[in-house]
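Scroll down for the structure; my scribbles are underneath it.
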Amino acid sequence: MKAHNSDTSIMKAHNSDTSIMKAHNSDTSIMKAHNSDTSIMKAHNSDTSIMKAHNSDTSIMKAYNSDTSIMKAHNSDTSIMKAHNSDTSIMKAHNSDTSIMKAHNSDTSIMKAYNSDTSIMKAHNSDTSIMKAHNSDTSIMKAHNSDTSIMKAHNSDTSIMKAHNSDTSIMKAHYNVHLADS
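So in numbering that gives the first Met the number 0, the last one in the sequence shown is 181, and the numbering has no gaps at all.
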(Lines of atoms letter the chains of each structure in order from A and count residues from 1; the text may use other names and numbers.)
(Lines give C-alpha, C1' and ligand atoms only; values in the text may rest on other atoms or scores of the structure.)
Protein backbone atom coordinates (compact mmCIF):
# COMPACT_ATOMS: atom_id res chain seq x y z
CA MET A 1 0.00 0.00 0.00
CA LYS A 2 1.41 3.35 -1.04
CA ALA A 3 0.27 6.88 -0.29
CA HIS A 4 2.10 9.68 -2.13
CA ASN A 5 1.50 13.41 -1.76
CA SER A 6 -1.99 13.04 -0.33
CA ASP A 7 -3.56 15.10 2.44
CA THR A 8 -5.72 12.25 3.71
CA SER A 9 -5.30 8.69 2.51
CA ILE A 10 -6.99 5.69 4.09
CA MET A 11 -6.17 2.35 2.53
CA LYS A 12 -7.24 -1.00 3.97
CA ALA A 13 -6.67 -4.55 2.76
CA HIS A 14 -8.62 -7.27 4.58
CA ASN A 15 -8.50 -11.00 3.87
CA SER A 16 -7.15 -10.56 0.35
CA ASP A 17 -4.48 -12.67 -1.36
CA THR A 18 -3.15 -9.80 -3.50
CA SER A 19 -4.11 -6.22 -2.85
CA ILE A 20 -2.42 -3.23 -4.50
CA MET A 21 -3.77 0.15 -3.51
CA LYS A 22 -2.15 3.45 -4.46
CA ALA A 23 -3.12 7.03 -3.74
CA HIS A 24 -1.18 9.71 -5.66
CA ASN A 25 -1.73 13.46 -5.36
CA SER A 26 -5.23 13.16 -3.96
CA ASP A 27 -6.78 15.29 -1.22
CA THR A 28 -9.01 12.52 0.13
CA SER A 29 -8.69 8.93 -0.95
CA ILE A 30 -10.46 5.99 0.70
CA MET A 31 -9.74 2.60 -0.80
CA LYS A 32 -10.82 -0.70 0.69
CA ALA A 33 -10.33 -4.29 -0.44
CA HIS A 34 -12.29 -6.95 1.47
CA ASN A 35 -12.23 -10.68 0.80
CA SER A 36 -10.88 -10.33 -2.73
CA ASP A 37 -8.32 -12.52 -4.45
CA THR A 38 -6.89 -9.74 -6.62
CA SER A 39 -7.74 -6.11 -6.05
CA ILE A 40 -6.00 -3.21 -7.78
CA MET A 41 -7.28 0.22 -6.86
CA LYS A 42 -5.61 3.48 -7.88
CA ALA A 43 -6.50 7.08 -7.21
CA HIS A 44 -4.48 9.69 -9.12
CA ASN A 45 -4.94 13.46 -8.95
CA SER A 46 -8.48 13.26 -7.59
CA ASP A 47 -10.01 15.48 -4.94
CA THR A 48 -12.31 12.80 -3.55
CA SER A 49 -12.03 9.16 -4.51
CA ILE A 50 -13.88 6.32 -2.82
CA MET A 51 -13.19 2.87 -4.21
CA LYS A 52 -14.36 -0.38 -2.65
CA ALA A 53 -13.93 -3.99 -3.69
CA HIS A 54 -15.94 -6.57 -1.73
CA ASN A 55 -15.99 -10.31 -2.32
CA SER A 56 -14.66 -10.05 -5.86
CA ASP A 57 -12.15 -12.36 -7.54
CA THR A 58 -10.66 -9.65 -9.78
CA SER A 59 -11.42 -5.99 -9.27
CA ILE A 60 -9.62 -3.16 -11.06
CA MET A 61 -10.81 0.30 -10.18
CA LYS A 62 -9.08 3.49 -11.28
CA ALA A 63 -9.91 7.14 -10.67
CA TYR A 64 -7.82 9.64 -12.67
CA ASN A 65 -8.19 13.41 -12.60
CA SER A 66 -11.75 13.34 -11.28
CA ASP A 67 -13.25 15.67 -8.70
CA THR A 68 -15.61 13.06 -7.25
CA SER A 69 -15.36 9.40 -8.12
CA ILE A 70 -17.26 6.63 -6.37
CA MET A 71 -16.61 3.14 -7.67
CA LYS A 72 -17.88 -0.04 -6.06
CA ALA A 73 -17.51 -3.69 -7.00
CA HIS A 74 -19.61 -6.15 -5.01
CA ASN A 75 -19.74 -9.91 -5.51
CA SER A 76 -18.42 -9.75 -9.05
CA ASP A 77 -15.96 -12.14 -10.69
CA THR A 78 -14.41 -9.52 -12.98
CA SER A 79 -15.09 -5.84 -12.55
CA ILE A 80 -13.20 -3.09 -14.38
CA MET A 81 -14.31 0.43 -13.60
CA LYS A 82 -12.51 3.55 -14.77
CA ALA A 83 -13.25 7.22 -14.28
CA HIS A 84 -11.11 9.64 -16.32
CA ASN A 85 -11.41 13.41 -16.33
CA SER A 86 -14.98 13.43 -15.02
CA ASP A 87 -16.45 15.83 -12.50
CA THR A 88 -18.86 13.29 -11.01
CA SER A 89 -18.67 9.62 -11.79
CA ILE A 90 -20.62 6.93 -9.98
CA MET A 91 -20.04 3.40 -11.19
CA LYS A 92 -21.39 0.27 -9.51
CA ALA A 93 -21.10 -3.40 -10.37
CA HIS A 94 -23.28 -5.77 -8.34
CA ASN A 95 -23.51 -9.52 -8.75
CA SER A 96 -22.19 -9.49 -12.30
CA ASP A 97 -19.78 -11.96 -13.87
CA THR A 98 -18.16 -9.42 -16.21
CA SER A 99 -18.75 -5.72 -15.87
CA ILE A 100 -16.77 -3.07 -17.75
CA MET A 101 -17.80 0.49 -17.05
CA LYS A 102 -15.91 3.54 -18.29
CA ALA A 103 -16.59 7.23 -17.90
CA HIS A 104 -14.37 9.54 -20.00
CA ASN A 105 -14.58 13.33 -20.08
CA SER A 106 -18.16 13.46 -18.80
CA ASP A 107 -19.59 15.97 -16.34
CA THR A 108 -22.06 13.52 -14.80
CA SER A 109 -21.94 9.81 -15.50
CA ILE A 110 -23.96 7.21 -13.62
CA MET A 111 -23.44 3.64 -14.76
CA LYS A 112 -24.87 0.60 -13.01
CA ALA A 113 -24.69 -3.10 -13.80
CA TYR A 114 -26.95 -5.35 -11.72
CA ASN A 115 -27.27 -9.10 -12.03
CA SER A 116 -25.93 -9.20 -15.57
CA ASP A 117 -23.59 -11.80 -17.07
CA THR A 118 -21.91 -9.37 -19.47
CA SER A 119 -22.40 -5.63 -19.22
CA ILE A 120 -20.34 -3.08 -21.14
CA MET A 121 -21.27 0.52 -20.53
CA LYS A 122 -19.31 3.49 -21.84
CA ALA A 123 -19.90 7.22 -21.55
CA HIS A 124 -17.64 9.42 -23.71
CA ASN A 125 -17.74 13.21 -23.88
CA SER A 126 -21.32 13.46 -22.62
CA ASP A 127 -22.67 16.06 -20.22
CA THR A 128 -25.21 13.72 -18.64
CA SER A 129 -25.19 9.99 -19.22
CA ILE A 130 -27.27 7.48 -17.27
CA MET A 131 -26.85 3.87 -18.28
CA LYS A 132 -28.37 0.91 -16.47
CA ALA A 133 -28.31 -2.82 -17.15
CA HIS A 134 -30.64 -4.96 -15.03
CA ASN A 135 -31.02 -8.72 -15.24
CA SER A 136 -29.67 -8.93 -18.79
CA ASP A 137 -27.39 -11.61 -20.22
CA THR A 138 -25.64 -9.28 -22.70
CA SER A 139 -26.01 -5.55 -22.52
CA ILE A 140 -23.89 -3.10 -24.51
CA MET A 141 -24.70 0.54 -23.98
CA LYS A 142 -22.66 3.42 -25.38
CA ALA A 143 -23.14 7.17 -25.20
CA HIS A 144 -20.84 9.26 -27.42
CA ASN A 145 -20.83 13.03 -27.70
CA SER A 146 -24.40 13.44 -26.49
CA ASP A 147 -25.68 16.14 -24.16
CA THR A 148 -28.30 13.91 -22.54
CA SER A 149 -28.35 10.17 -23.00
CA ILE A 150 -30.51 7.77 -21.00
CA MET A 151 -30.14 4.11 -21.88
CA LYS A 152 -31.77 1.25 -20.00
CA ALA A 153 -31.78 -2.49 -20.56
CA HIS A 154 -34.17 -4.50 -18.35
CA ASN A 155 -34.64 -8.25 -18.46
CA SER A 156 -33.39 -8.59 -22.02
CA ASP A 157 -31.17 -11.38 -23.36
CA THR A 158 -29.37 -9.18 -25.90
CA SER A 159 -29.62 -5.43 -25.81
CA ILE A 160 -27.41 -3.10 -27.87
CA MET A 161 -28.13 0.57 -27.46
CA LYS A 162 -25.99 3.36 -28.90
CA ALA A 163 -26.36 7.13 -28.81
CA HIS A 164 -23.99 9.05 -31.13
CA ASN A 165 -23.86 12.82 -31.53
CA SER A 166 -27.41 13.37 -30.32
CA ASP A 167 -28.57 16.21 -28.08
CA THR A 168 -31.27 14.11 -26.40
CA SER A 169 -31.39 10.35 -26.74
CA ILE A 170 -33.65 8.08 -24.71
CA MET A 171 -33.40 4.40 -25.53
CA LYS A 172 -35.06 1.62 -23.57
CA ALA A 173 -35.14 -2.16 -24.05
CA HIS A 174 -37.72 -3.95 -21.89
CA TYR A 175 -38.42 -7.68 -22.05
CA ASN A 176 -36.89 -7.96 -25.55
CA VAL A 177 -39.32 -5.39 -26.95
CA HIS A 178 -37.58 -2.82 -29.12
CA LEU A 179 -39.43 0.31 -30.17
CA ALA A 180 -38.31 1.81 -33.46
CA ASP A 181 -38.75 5.40 -34.51
CA SER A 182 -42.05 5.96 -36.24
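Where a beta carbon is used, it is the ideal one built from N, C-alpha and C, also for glycine.
Non-local C-beta neighbours of Asn-64 in its own chain, meaning closer than 6 Å and more than five positions away in sequence, comprise Asn-44 and Asn-84, ordered along the chain. Nearest neighbour of Tyr-113 by Cα position, chosen from Lys-41, Lys-21 and Ser-135, turns out to be Ser-135. Residue burial is scored here from C-beta neighbours: Ile-169 has fewer than 16 other C-beta atoms within 10 angstroms and is therefore classed as exposed. Here Ala-42 is near Ala-62, since their CB atoms are less than 8 Å apart. Secondary structure at Ser-138: strand, using DSSP grouped into helix, strand and coil. Note that the C-beta distance between His-123 and His-103 is below 8 Å. When secondary structure is reduced to three states using DSSP, Ser-98 falls in the strand class.
Apart from sequence neighbours up to five positions away, the residues of its chain that approach Ile-49 with a beta-carbon distance below 6 Å are Ile-29 and Ile-69, ordered along the chain.
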